[in-house]
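Plus 1 on top of the position in the sequence shown (first one is 1) and you've got our numbering.
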Amino acid sequence: MTELTLVLHNIRSTHNVGAIFRTAEGLGVKKIIISGYTPAPKHQNDTRLPHIANKIHNQIHKTALGAEDIVKFEIVDNLKSWINNNIDYKNPLVGLEQAPGSIPLQKFKPPQKMTLLLGEEVDGISQELMNLCSDFIEIPMFGQKESFNVSVATGMAVFHINTYYLR
């Protein structure tokens, strides 16, 4: 199994965040990094007003069903700085994005350790962050829509990544 960290950057929906936490817990993700305007569960040293933190936590809990209390997560104010300090050839940053040269998910051979970057629900990963990725993986589409919901795509990608070496 790959030692996998997820980066949730500018995911706006608490329900998507909750679903990703639940998937991450079920599929053995090591840690979630939360950055940008992604809503976060309550945490130690939370500086948000209590009623705001509680409201957001409860919305995340609606789909996470307690996984938000199990999966380790870190809130990062400066994602670029975090990437510069935590990403290297032993822990590459891979974007889940439709991009030129992206690898179809079914052909992707994950490294033993990696970080998967997820982008915004509508606009995907910004060009600035794409420039920091070593590779991109994409999920082939067979219908008329151009993309999957971010939490659904995350589930497919994490399942492939964390079961690759179990085959």
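Every residue gets a Cβ at the ideal spot worked out from N, C-alpha and C, and that includes glycine. The model shown is predicted, which means the values in this text are computed figures rather than measured ones.
Rounded to the nearest whole angstrom, the C-alpha separation of ASP136 and ILE33 is 19 Å.
Every unbroken stretch of the alpha helix (DSSP H) spanning 4 or more residues and falling wholly within the region 83-167 is given here in chain order: 128-131, 151-164.
Shown here for PRO111: same chain residues with a beta carbon closer than 6 Å to its own, the five before and five after excluded, namely THR3, ILE162, TYR165 in chain order.
Taking each of ILE21, PRO51, ALA68 in turn and checking the Cα distance to THR39, the smallest one comes out for ILE21. With contacts defined as CB atoms closer than 7 Å, VAL30 and LEU7 qualify as a contacting pair. Straight-line measurement puts the Cα of THR116 at about 9 Å from the Cα of ASN87. Contact between the region 57-71 and the region 88-101 is absent: fewer than three C-beta pairs spanning the two stretches fall below 8 Å. The three-state secondary structure of HIS44, taken from DSSP, is coil. Closest in alpha carbon position to SER148, among LEU118, GLN128, VAL123, is VAL123.
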